[in-house]
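**Q** Following the working numbering, the numbering of the sequence shown begins with 573 at its first residue and continues without gaps.
Idealized CB from N, CA, C, for every residue including glycine.
Note that the structure is a prediction, hence the values are computed from the model and not measured.
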Amino acid sequence: MYANKLEYEKMKQVYEATKIAFNLVNKVSVTAIIVNHDIKGEINRIKTYLNTSLKFTETLLNTYRENL
Numbered sequence: 573m574y575a576n577k578l579e580y581e582k583m584k585q586v587y588e589a590t591k592i593a594f595n596l597v598n599k600v601s602v603t604a605i606i607v608n609h610d611i612k613g614e615i616n617r618i619k620t621y622l623n624t625s626l627k628f629t630e631t632l633l634n635t636y637r638e639n640l
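(1) Below 8 Å, can you find three or more Cβ-Cβ pairs linking the stretch 626 to 640 to the stretch 596 to 603?
(2) For residue 622, name the three-state secondary structure that DSSP assigns.
(3) Using 8 Å for Cβ pairs, my map puts residue 594 next to residue 623. What's the rounded Cβ distance?
(4) By Cβ distance, which residues of its chain are closer than 8 Å to residue 591, with the 5 residues on each side in sequence left out?
(5) How many angstroms separate the CA atom of residue 614 from the CA atom of residue 589?
(6) Which word fits residue 629, buried or exposed, when buried means at least 16 other C-beta atoms lie within 10 angstroms of its C-beta?
(7) In the structure shown, what three-state DSSP assignment does residue 640 receive?
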């Protein structure tokens, strides 16, 4: 039981860190695209990766929560 709780807390930290990174990329992307339109594809790729990571960690969190 303790190990599951510890894993859940670690996963929660990963989720929060990923959410912060996603929000930062969103804020920076507007300015970056204005300055250099060629970077738009790369920024969109990063945003897609972070969004996928958020969904995946959210699914894991829900699974851990159900098993606690």
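**A** According to the structure data:
(1) no
(2) Start at 1 with the first residue of the sequence shown, and residue 622 comes out as number 50. Correct three-state label for residue 622: helix.
(3) For the purposes of this step, residue 594 is taken as residue 22 along the sequence shown, with counting starting at 1. For the purposes of this step, residue 623 is taken as residue 51 along the sequence shown, with counting starting at 1. Right, the Cβ-Cβ distance comes to about 7 Å (below 8 Å), so this counts as a contact.
(4) The residue given as residue 591 occupies position 19 in the sequence shown. These residues qualify, in order along the chain: 626.
(5) Start at 1 with the first residue of the sequence shown, and residue 614 comes out as number 42. Start at 1 with the first residue of the sequence shown, and residue 589 comes out as number 17. Straight-line Cα distance between these residues: approximately 21 Å.
(6) Reading the sequence shown from its first residue, position 57 is the one you call residue 629. By the neighbour-count rule (16 or more Cβ atoms within 10 Å), residue 629 is buried.
(7) The count along the sequence shown starts at 1 and reaches residue 640 at position 68. Note: residue 640 maps to coil in three-state DSSP.
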